[in-house]
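Residue numbers (the numbering used here): 117 to 252.
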C-alpha cells in the first residue's frame, strides 16, 4: 500500500493505493492543518501496512516538516515530489520549473500516462483542468 498526500493551500488530503490492483480508498481524508494529529489514527486504521508515501506540497516547508514528523512517528518516510523541467514525456514550460505547483505537475504526469495507455497513437493536445483553493 502506498500513501498519497496532497498538502494544499488550506488543508491536507490523505489517500492510498494498492499498486498491484489499483484499489483506492473509498474517499480521501481531508482536514485543516490544525488536525495533523489525525494522521496516526488514520494510518493505524488502514486495511494494510503502508510501504511508501508520496506527496505534493504547496503549503510550504513548515507544513511539510510537520507532516514528515507525523509519518516518521509511524515508521514512514515521505517522498516529496517536486516539479521538474521534464518527466515521462511531459515538458514543463515554465522558465523556473518550480513555479508550477507540484500538485499540478503530478496531475499533468498522471494525465500523460493515462493518455499514453488509453490512446497510444493520439498526439492531439489535451487539457487538464484543476481547481483548488488558490484558483486564480
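Note that CB positions come from ideal geometry on N, CA and C, so glycine has one too.
- The beta carbon of residue 131 lies closer than 7 angstroms to those of 120, 140, 141 and 144 in the same chain, with the five residues before and after it left out.
- Three or more beta-carbon pairs separated by less than 8 angstroms are not found between the stretch 177-193 and the stretch 210-218, which leaves the two stretches without contact.
- Counting other Cβ atoms within 10 Å of its Cβ, residue 186 reaches 16 or more and is therefore classed as buried.
- When DSSP assignments are scanned along the stretch 186-224, the uninterrupted stretches of beta strand (DSSP E) that are 3 or more residues long and fall wholly within it turn out to be 194-196.
- Distance between residue 128 and residue 228, taken at the CA atoms: about 25 angstroms.
- Within the DSSP bridge table, the entry for residue 132 names 119 as partners.
- Shown here for residue 146: same chain residues with a beta carbon closer than 6 angstroms to its own, the five before and five after excluded, namely 127 and 129 in chain order.
- Closest option to residue 246, judged by alpha-carbon separation, among 222, 211 and 178: 222.
- In this structure residue 164 is not in contact with residue 118, their Cβ atoms being roughly 10 angstroms apart against a cut-off of 8 angstroms.
- The Cβ-Cβ distance between residue 203 and residue 231 does not fall below 8 angstroms.
- Residue 172 is bridged by DSSP to 122.
- Spanning the alpha carbons of residue 172 and residue 238 requires a straight line of approximately 29 angstroms.
- CA-CA distance, residue 157 to residue 180, rounds to 19 angstroms.
- Between residue 162 and residue 124, the alpha-carbon positions lie close to 22 angstroms from each other.
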